[in-house]
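Residue numbers (the working numbering), protein chains in the order written: chain C, 1 to 343; chain X, 1001 to 1343. Here a beta-carbon is modelled for each residue, glycine too, at the ideal position from N, C-alpha and C. Some notes on the structure that comes next.
What follows is the structure, given as structure tokens:
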């Protein structure tokens, strides 16, 4: 039996007090003396339990997943709002909350951190929060936003030396980053229907264009939402690699880039499993997230991705790799935590 | 036997004099008195023939496609360069060149127009060129750039009334628009590997979010590159439609939106044919475009999309629809031209 590890969960159902606090923070951006204090936010353990047991834990139990790598709500990171200090305060609050979740349910949730990114600010400023989350909170990974401007794409590509301080720390700690944007403040981009998928595709292409993994051979990126458009256009990307005089994608990128299974229908999952090497695919659902309904054509929740993996025509070993082995390999700190529990 | 109509071709191989002229135009942007004159551009019919017979026509003959809907090179539209007048002059030159191609090879090429879009400029300014291209040049469609800023996405969504003057003209003339961005001047986005696919996905999601086709029931958009990420994430988009209280995508969008087959590997084409209604799929290759090599794993050119359609497990009728019938329905002016020739 595999441990079923969902490598992509966010605390999308956090108690309302969190959103209320953030609203106050945003409302006082131009009037910092009125800003809410961290201590103003009161959320009890019972409130946390309630939100999880009615939502994520309920679905994990119903669908049969054991463990979720759990990070702050992606669309709420909103790094474009305010300055670095605003992001730093907000990230610290959100990360602490996910840490509390993991403490309340140590067998079901393992935390991953959001970073206090801010557009135009050197990414070095995120290192302290990353260190705290790994060393004090037991985080096993981070979410890295390639576009902290929220849909204006003002940051340099992920291959730029701008990002290297974070990569150095990731390599030192042996933690991967999920490359995940946040809410779009650009009216052209719907957040979960356009910005997320465009960012996934863009991040992959930035890596394809450069040679980042020559500088960081052990750096690992998890590209969510099944890799955006990449698996569907695998031939296009292979052809682009040839034009750019790069090796085949498998050699050039796939020792360092991984895709999750947040693709919400069977044909999409089948394509992912068909074209992307098995070792590069990690089980995930991102529930409760972008789509929350039951597909009237299947009778399952759209984001119940375990159904699609179960129905896929791949070997038991391949399924085991997707559910557990690949994730333990990509997240060595998770693996160590599990081993310490005898798992 | 079907007529094999490639609905997505650009004059990517135009004589070098064209690029040279454009370079001069760009070099003199701040010094208009030195700008090159339209009359300075000299391209002979023989030069046009040469570029086509060594390239597009050669491949059309080898691969067995009969007719290409042919528009100016997409990445060269570069609407972000200069002001409206710069775009107007450039569009007129490029459209005339495609018209000449169609006159030289009336059985092989049918023109579609680029528009003289310019960021921030009302789209009404494009109507005159559109009229000229349809009435004088026999164009059967247009390319509409949803992001004339070239990767900064400063225009309103396609559902915004900003775009309505073009839609009114499209409806009047009964011509579709291929929604196609141009080169990216944003270093975050590789033009053909990120910006194109992100734009395709974004355009679809803009339409999903709105109710544009209630205002224009006969408006037709062709989304290139197999619809970007859309077919791979068909479940996600169906789920998003439910959350947004829209009807199923087939009802909400698929009387008005069509995808081409510019997907450069068999599994991608198979997915497209599996999830998208047959009536919404139009044959295309976009050769000679983003990828130009032979896939070492298949021995075929990546962009020889006819190979993938031929190998697909769909009926002869479905193939006929993709090769010919759907395109004649989406491009009624092409259909009329073909009928006038007894085809």
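Beta carbon proximity, residue i to chain C, threshold 8 angstroms
i	result
residue 1009 (chain X)	no
residue 1201 (chain X)	yes
residue 1252 (chain X)	no
residue 1088 (chain X)	no
residue 1205 (chain X)	yes
residue 1284 (chain X)	no
residue 1177 (chain X)	no
residue 1197 (chain X)	yes
Contacts of residue i in chain C (Cβ-Cβ under 8 angstroms)
i	result
residue 1293 (chain X)	239, 242 and 243
residue 1226 (chain X)	232 and 233
residue 1157 (chain X)	187 and 188
Beta-carbon gap between residue i and residue j smaller than 8 angstroms
i	j	result
residue 1260 (chain X)	residue 1008 (chain X)	yes
residue 1271 (chain X)	residue 1003 (chain X)	no
residue 233 (chain C)	residue 1268 (chain X)	yes
residue 1302 (chain X)	residue 239 (chain C)	yes
residue 1173 (chain X)	residue 1134 (chain X)	yes
residue 213 (chain C)	residue 255 (chain C)	yes
residue 1283 (chain X)	residue 1314 (chain X)	no
residue 1071 (chain X)	residue 1128 (chain X)	no
residue 354 (chain C)	residue 196 (chain C)	In the structure as shown, chain C begins at 1 and stops at 343. Residue 354 (chain C) is therefore absent and cannot be evaluated.
residue 33 (chain C)	residue 83 (chain C)	no
residue 1074 (chain X)	residue 1030 (chain X)	no
residue 67 (chain C)	residue 110 (chain C)	yes
residue 1176 (chain X)	residue 1276 (chain X)	no
residue 1051 (chain X)	residue 1288 (chain X)	no
residue 1156 (chain X)	residue 1203 (chain X)	no
residue 1290 (chain X)	residue 205 (chain C)	no
residue 1132 (chain X)	residue 1090 (chain X)	no
residue 324 (chain C)	residue 69 (chain C)	no
Chain X contact residues for residue i, given Cβ-Cβ distances below 8 angstroms
i	result
residue 209 (chain C)	1190 and 1193
For residue i, the three-state DSSP class (helix, strand or coil)
i	result
residue 110 (chain C)	strand
residue 1242 (chain X)	helix
residue 7 (chain C)	strand
residue 178 (chain C)	strand
residue 202 (chain C)	helix
residue 1237 (chain X)	helix
residue 148 (chain C)	coil
residue 70 (chain C)	strand
residue 105 (chain C)	coil
residue 99 (chain C)	helix
residue 1115 (chain X)	coil
residue 1264 (chain X)	coil
residue 222 (chain C)	strand
residue 343 (chain C)	coil
residue 1255 (chain X)	coil
residue 1314 (chain X)	coil
residue 1142 (chain X)	strand
residue 281 (chain C)	strand
residue 81 (chain C)	coil
residue 288 (chain C)	coil
residue 137 (chain C)	coil
residue 1043 (chain X)	coil
Under 7 angstroms from the C-beta of residue i: neighbouring residues of chain C
i	result
residue 1143 (chain X)	Under the 7 angstroms cutoff, chain C gives no residues; its nearest Cβ is about 18 angstroms from residue 1143 (chain X).
residue 1186 (chain X)	153
Within chain X, the residues that residue i reaches when beta carbons sit closer than 9 angstroms
i	result
residue 79 (chain C)	By Cβ distance, chain X contributes nothing, its closest Cβ being about 15 angstroms from residue 79 (chain C), past 9 angstroms.
C-beta neighbour in chain X for residue i, strict 8 angstroms
i	result
residue 236 (chain C)	yes
residue 290 (chain C)	yes
residue 229 (chain C)	yes
Beta carbon proximity, residue i to chain A, threshold 8 angstroms
i	result
residue 83 (chain C)	No chain A appears in this structure, whose protein chains are C and X.
Contacting positions in the stretch 1105-1134 of chain X - beta carbon closer than 8 angstroms to chain C: none
Chain C contacts made by the stretch 1300-1311 of chain X, where a contact means CB separation under 8 angstroms: 1302 and 1303
Contact set between the stretch 245-275 of chain C and chain X, restricted to residues whose Cβ is under 7 angstroms from the partner: 263, 264, 265, 267, 268, 271, 274 and 275
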